[in-house]
Each structure stands twice: as C-alpha cells, then as structure tokens.
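Working notes, structure below.
Numbering (this note's numbering), first residue to last: 277 to 349.
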C-alpha cells in the first residue's frame, strides 16, 4: 500500500477515536466527574486529524503541481 492509502486509513481511524473521545467527554460532563485529562483527551486525535486532513487536502494540488512541472518542460 502506498502512503496516500495509509494516510486515508489513519484519518478514518482517527476520526473514530475523536468521536469516542467526545462521547466519553460528554458522559463525564453529565456525571459531573469531569477532570482535566477527560477534557483534553480529544485533543490528541483532533491534532492528528488536522495534520492528516491538511495532507489529504493538499494532495491533489501537489499532484497537479508535480505533474505540471514534468509535462511543462
């Protein structure tokens, strides 16, 4: 598998982890047993989602840019 497929798969799993972290955070807030680590638990998957999402967003533009450089010569 190439890097693009891996990044898409990682992005999917990170979105699942982020969703679970938010659900756990909501349950902790309803039970009034929230602590700092429960609130911050969603930040790690969210940060990684941002990085993989930006990579996936820029991927078509980078492919076009690299392709234009080769054929334009």
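Beta carbons are placed, not taken as given, at the ideal position from N, Cα and C, and that holds for glycine.
What does a CB cutoff of less than 7 Å around residue i pick up in its chain, not counting 5 residues either side in sequence?
| i | result |
| --- | --- |
| residue 335 | 280 |
| residue 313 | none |
| residue 283 | 328, 331 and 332 |
Hey, quick one: how far does the alpha helix (DSSP H) through residue i stretch, first residue to last?
| i | result |
| --- | --- |
| residue 285 | 279-306 |
Closest to residue i by C-alpha separation, out of the options, would be which residue?
| i | options | result |
| --- | --- | --- |
| residue 296 | 305, 321, 340 and 278 | 321 |
Can you name, in chain order, every residue of its own chain whose Cβ lies under 6 Å from the Cβ of residue i, other than the five neighbours on each side?
| i | result |
| --- | --- |
| residue 324 | 290 |
| residue 293 | 321 |
By Cβ distance below 8 Å, which residues in the same chain neighbour residue i in space, the five residues on each side in sequence not counted?
| i | result |
| --- | --- |
| residue 287 | 325, 328, 329 and 332 |
| residue 337 | none |
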